[in-house]
Each structure stands twice: as C-alpha cells, then as structure tokens.
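Notes follow once the structure below has been shown.
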Amino acid sequence: MANIYDTANQLERELRDMNEFKALEEAYKEVQGNEEAHTLFKEFQAFQQELQDKQMRGEEFSEADAEKAQQLATEVQGTELINKMMEKEQAFSMIVNDLNRIIMTPIRDLYSN
5 MANIYDTANQ LERELRDMNE FKALEEAYKE VQGNEEAHTL FKEFQAFQQE LQDKQMRGEE
65 FSEADAEKAQ QLATEVQGTE LINKMMEKEQ AFSMIVNDLN RIIMTPIRDL YSN
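All the letters of the sequence shown, read from the start, carry residue numbers 5 to 117 under the numbering used here.
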C-alpha cells in the first residue's frame with residue numbers, strides 16, 4: 005500500500021502539470037509584469053489577510069474596513085489583468101474543491117450511518 009503522503013505529493017505534482025494551473029501561472033506572470041496591477045493585487049491580498057486575521061481573533065470589521073474593502077474590490081474589478089487571473093484561479097479552485105469533496109467522502113459516509 006502506498007504511503008498517503010506519497011500520494012498527496014504525487015497529486016501536488018500532477019496539479020502543477022494541469023492546464024488550469026499553467027493558465028493561472030501565466031496569468032499571474034502577466035499581473036507581475038504590470039507594476040500597477042501587481043501592486044494593487046498585493047495590496048488586495050494583504051487586506052484580505054488582515055480581514056481574515058481580524059475574523060479569527062473575533063474582531064468586528066469597522067466601517068473603514070468595509071469602505072476599504074469596497075474601494076479595493078472596485079479597483080481590482082476594474083483591472084483586466086487581475087480579473088483574468090482571478091478567472092483562471094476560480095477554474096483551478098473548482099478542481100481543488102472537487103478533489104476535496106472526493107477526499108472527504110469517507111467522513112461523509114461515516115456520518116451518514
């Protein structure tokens with residue numbers, strides 16, 4: 005029987021070889037190649053992380069947080085390179101979500117009895 009971690013590592017390598025990941029990788033390179041888009045994307049990522057950290061600590065989002073989130077979302081949505089990359093990320097994420105659903109089948113089966 006194969007070691008489950010060997011299987012996971014093989015899956016990771018196969019994910020990197022998928023067309024959906026390669027398309028995401030190429031779209032990210034395009035974002036990186038545009039200083040304005042890359043700076044905006046990094047700011048958006050950092051702010052998302054900040055909000056997640058607040059949520060994990062049980063803190064409420066302030067009105068300023070909501071305003072900044074709206075402002076950043078508007079800027080990101082108005083940037084074609086970032087939109088293209090996010091579309092590619094969404095396509096790749098669908099695959100990862102499908103894999104997660106499959107992997108979690110034993111638990112669903114267990115609890116359904």
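Where a beta carbon is used, it is the ideal one built from N, C-alpha and C, also for glycine.
(Q) Below 8 Å on the Cβ atoms is my contact criterion, and I expect F48 with K58 to pass it. Report the Cβ-Cβ distance as a whole number of Å. (A) Between F48 and K58 a beta carbon distance of about 16 Å is seen, past the 8 Å cut, so the two are scored as non-contacting.
Q) Do you know how far the Cα of T78 is from the Cα of E71? A) Annotation: E71 to T78 spans about 11 Å, alpha carbon to alpha carbon.
Q: In the DSSP assignment, find the alpha helix (DSSP H) that holds M90 and state where it starts and stops.
A: Segment 84-107, the alpha helix (DSSP H) holding M90.
Q: Mind checking which residues open and close the alpha helix (DSSP H) that includes E64?
A: E64 -> no alpha helix (DSSP H), and no H or E assigned at all.
Q. Is the distance from the Cβ of A41 to the Cβ of L85 below 8 Å?
A. Less than 8 Å divides the Cβ of A41 from the Cβ of L85.
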